[in-house]
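J.: Residue numbering for the sequence shown follows this note's numbering, beginning at 25 and increasing consecutively.
Beta carbons are placed, not taken as given, at the ideal position from N, Cα and C, and that holds for glycine.
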Amino acid sequence: MRRYIESVPAWQEELRRGKMFGVLVVEDEQGQLGFLAAYSGLLADRNDWEWFVPAVFDFLQPDGYFKQEESAISLINQQLLQLEQSEEWQQAHKRWEETKRLQSAEQMTFREKMAAAKESRDQIRLSRLSHPDQLTPTEEELVRESQKMKADLRRMRKRHAEVLSPLAEKVNRLEEKSNILRQERKQRSDALQRWLFSHFKVRNGLGEERHLLDIFSGTSTPIPPSGAGECCAPKLLQYAYLHQLRPLSIAEFWWGNSPVGTLRRHHGYYPACRGKCLPILTFMLQGVDVDDNPWEQANESVPEIIYEDEWIIVLCKPAGMLSVPGKISQQSVWSFVHNHCPNATGPLLVHRLDMATSGLLVAAKTKQAHQDLQAQFHHRTIEKTYVALLESPLPTDMPSEGIISLPLTADPLDRPRQQVDYVHGKPAVTRYATTDRQRVILQPKTGRTHQLRVHCAHPDGLNRPIKGDTLYGSPSDRLYLHAESITFNHPLTKKRVTFTSNGTPF
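1) Which residues in the same chain as Q217 place their Cβ atom closer than 8 Å to its Cβ, once the five residues preceding and following it in sequence are excluded?
2) If distances are taken between C-alpha atoms only, which option among P295, A399, L346 and D87 comes closest to P499?
3) Using DSSP with H/G/I as helix, E/B as strand and the rest coil, what is N513?
4) When the Cβ atoms of the stretch 195 to 210 are set against those of the stretch 104 to 113, are three or more pairs found closer than 8 Å?
5) Are the beta-carbon atoms belonging to P489 and R461 less than 8 Å from one another?
6) Is the stretch 395 to 407 close to the stretch 450 to 459, with three or more CB pairs under 8 Å?
7) Would you mind listing the alpha helix (DSSP H) stretches within the stretch 310 to 395 that are 4+ residues and don't spill past its ends, in chain order?
8) Any idea if D176 is buried or exposed, counting beta-carbon neighbours within 10 angstroms, 16 or more meaning buried?
9) Report the residue ranges of all alpha helix (DSSP H) runs contained in full by the stretch 454 to 512; include only those spanning at least 4 residues, in chain order.
10) Does any C-beta atom of chain B lie closer than 8 Å to the C-beta of I329?
11) Within 10 Å of its beta-carbon, does R472 have 16 or more other beta-carbons around it, so buried, or fewer, so exposed?
12) Tell me whether S95 sits in a helix, a strand or coil according to DSSP, three-state version.
13) Output yes or no for whether 8 Å exceeds the beta carbon distance between Q262 and V49.
14) Assuming L57 and E51 make a contact with CB atoms under 8 Å, what is their CB distance in whole Å?
15) Which stretch, first to last residue, makes up the alpha helix (DSSP H) that contains R41?
16) For P327, count the other beta carbons within 10 Å of its own beta carbon; 16 or more makes it buried, fewer makes it exposed. Which is it?
17) Among V77, S170, L191 and K491, whose alpha-carbon lies nearest the alpha-carbon of Q114?
18) Drop a sphere of 10 angstroms on the beta-carbon of Y28, count the other beta-carbons inside from all chains shown, and report buried for 16 or more, exposed for fewer.
19) Report yes or no: do three or more beta-carbon pairs, one from the stretch 296 to 310 and one from the stretch 253 to 268, lie closer than 8 Å?
20) Would you tell me roughly how many angstroms separate the C-alpha atoms of C340 and R227, rounded to the nearest one?
21) Taking DSSP's pairing of strands, which residues face L57 in a bridge?
22) Using a 10 Å radius around the Cβ and a threshold of 16 neighbouring Cβ atoms, would you call S356 buried or exposed?
23) Contact defined as beta carbons within less than 8 Å: I believe K408 pairs with I510. What is the distance between those atoms, to the nearest angstrom?
24) Does the structure place the stretch 265 to 284 close enough to the stretch 34 to 48 that three or more beta carbon pairs sit under 8 Å?
25) Looking only at its own chain, which residues have a Cβ that is under 7 Å from the Cβ of A141, when we skip the five neighbours before and after it?
26) Let's see if you can read the secondary structure: which residues bound the beta strand (DSSP E) around W219?
27) Taking the alpha-carbon of L437 as reference, which of P33, R289, T245 and R209 has the nearest alpha-carbon?
28) By Cβ distance, which residues of its chain are closer than 7 Å to R520, with the 5 residues on each side in sequence left out?
29) DSSP beta-bridge partners for K450?
30) How long is the line joining the alpha carbons of R209 and I97, rounded to whole angstroms?
31) With C-beta atoms as the reference, is L413 less than 8 Å away from R463?
32) Pull up the distance between the alpha-carbon of T306 and that of S359, whole angstroms please.
33) The alpha helix (DSSP H) spanning E232 covers which residue range?
34) In the DSSP output, which residue or residues are listed as bridge partners for A62?
35) Output the boundary residues of the alpha helix (DSSP H) element that contains Y293.
36) With S273 as the anchor, note down where its beta strand (DSSP E) starts and where it stops.
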């Protein structure tokens, strides 16, 4: 398949930008094995390339409804562009804005003049009190001056409004034309999207069919995300069901450069995205024997107690154990602490570690201790040190220590995956130091989700995923990330204390 992908010239530019491919191993009714291949979305503006399964719904017929409506929406875009780039539009807005600016400046100058005149009148009134015999304007004259200036300001505003009114009317007429076009575009786009999703009918292993609007109706996003149904997995399963092929094993891999922000590695394997594919695959896999995900098997071992007193308990969490109870298993650090300290009050855990990460966690036995430690986290006075083993050694020309600053935000269509976003991301800072070019010490200065994992894997960070990182790198026997030490002020004594795990598990 690799040679085939590389051999088609028309694909080269799109492959360079990056594309997700998928392979499904299937078995026919005679028990013979084979495989199907697919790509996400379109490839070089086509969804009918030989050797790959077709789209779930082909909406690209030249004379079809989708193309006709798409052309109509494109025409509206052209009309909007012509309107808003026309000389009439530019001149109308320029004259209106320039006139407003000049009028505002004139009124401000006059109000400053009025303020100076008022201050002068106030000084005259004060002067009368200390020098009653001094010749000054009468009170009536001062009042008349004030009234005249106020009347002059009202006349100025009226004159300005008379000049501005026709200019504003012209701008409003043009804006109304623009708004009508925008509203029509939105209505047609929304209607076309609903039409498209109503024609994306997918089948499951029981032979049932549902369209995407129906599938997403019970989710938090009742309108499917753009591109839903066009990913590899739905295409592959749909073809298998329609041709009486039994799905056995599926994999999706990335080919080409990583998209901006989101981490994808050339030839790296990735699970289907949650936002677009989870509701679809939940339906499509009904009637199919699906093995449990080995990477979601909870670790039933017991945390090690590092330190304990009347107020806090410090534990070492094994890799594969949840910090708090979840749907996978009720065995978690929280449940362990709850059973170990039945008289403890408050929420117990002060912070969390990813399920795949091992290392130190702090729990509070009292509400007051919990509040104190949370405040320390909030003010970033708690220091944590992690040790990680990278997939491969760092290049020799990379500094042996430094600071990584890459702002992070959640991928809205694939939580809990995080992405680097220099516009909307929250600040995330990590200090790193290498010990042998592959083993690194990491000290997070902020506490963003997956911060260390992304900062290691991203090209603008260390450009080396942590070994065993199934989200941002490659699977292994575990995620090689361990919270080795933690330093904070004891909530009762206020003394600075440091706790270190009893050795690193790798």
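T.: In terms of the structure at hand:
1) Apart from sequence neighbours up to five positions away, the residues of its chain that approach Q217 with a beta-carbon distance below 8 Å are I247 and S250, ordered along the chain.
2) Of the candidates P295, A399, L346 and D87, the one whose C-alpha sits nearest the C-alpha of P499 is P295.
3) Here DSSP, grouped into helix, strand and coil, assigns N513 to strand.
4) Of all C-beta pairs linking the stretch 195 to 210 to the stretch 104 to 113, three or more are shorter than 8 Å, placing the two stretches in contact.
5) R461 sits away from P489, with the two beta carbons spaced by 8 Å or more.
6) As far as the Cβ criterion goes, the stretch 395 to 407 does not touch the stretch 450 to 459, which means the pair count is below three.
7) Secondary structure in the stretch 310 to 395: the alpha helix (DSSP H) runs of 4 residues or longer, each lying completely within the stretch, are 357 to 364 in chain order.
8) Of the residues assessed, D176 falls on the exposed side of the cut-off, its CB having fewer than 16 other CB atoms within 10 angstroms.
9) Taken in chain order, the complete alpha helix (DSSP H) segments of 4 or more residues contained in the stretch 454 to 512 are 475 to 481.
10) No chain B is part of this structure, which consists of one protein chain only.
11) Answer is buried; the Cβ neighbour count reaches 16.
12) S95: helix per DSSP, three-state reduction.
13) Taking 8 Å as the Cβ cut-off, Q262 and V49 do not qualify as a contacting pair.
14) Rounded, the Cβ-Cβ distance is 6 Å, consistent with contact.
15) It spans Q36 to R41 - the alpha helix (DSSP H) in which R41 sits, taken as one unbroken run.
16) By the 10 Å Cβ count, P327 comes out buried.
17) Checking every option, the nearest Cα to that of Q114 belongs to L191.
18) Looking at its Cβ environment, which holds fewer than 16 other Cβ atoms inside 10 Å, Y28 is exposed.
19) By the criterion of at least three beta-carbon pairs nearer than 8 Å, the stretch 296 to 310 is in contact with the stretch 253 to 268.
20) Going from the Cα of C340 to the Cα of R227 covers about 46 Å.
21) Answer by DSSP bridge pairing, in chain order: E51.
22) S356 comes out buried.
23) The Cβ separation is near 5 Å, so the contact holds.
24) The stretch 34 to 48, when compared against the stretch 265 to 284, does touch it at the 8 Å Cβ threshold.
25) The answer, listed in chain order, is E169 and M173.
26) No beta strand (DSSP E) holds W219; the alpha helix (DSSP H) holding it covers E163 to H223.
27) From the listed residues P33, R289, T245 and R209, the smallest Cα separation to L437 is found for T245.
28) Within the same chain, T511 and N513 come within 7 Å of R520 by CB-CB distance, once the 5 residues on both sides are set aside.
29) Looking at the DSSP assignment, K450 forms a beta bridge with L432.
30) Answer to the nearest angstrom: the Cα atoms are 6 Å apart.
31) Judged by their CB atoms, L413 and R463 are nearer to each other than the 8 Å cut-off.
32) Spanning the two alpha carbons is a distance of roughly 30 Å.
33) In the DSSP annotation of this structure, E232 is not part of any alpha helix (DSSP H), being labelled neither H nor E.
34) Answer by DSSP bridge pairing, in chain order: G46.
35) In this chain, Y293 is not harboured by any alpha helix (DSSP H), its DSSP state being neither H nor E.
36) R270 to W279 is the extent of the beta strand (DSSP E) around S273.
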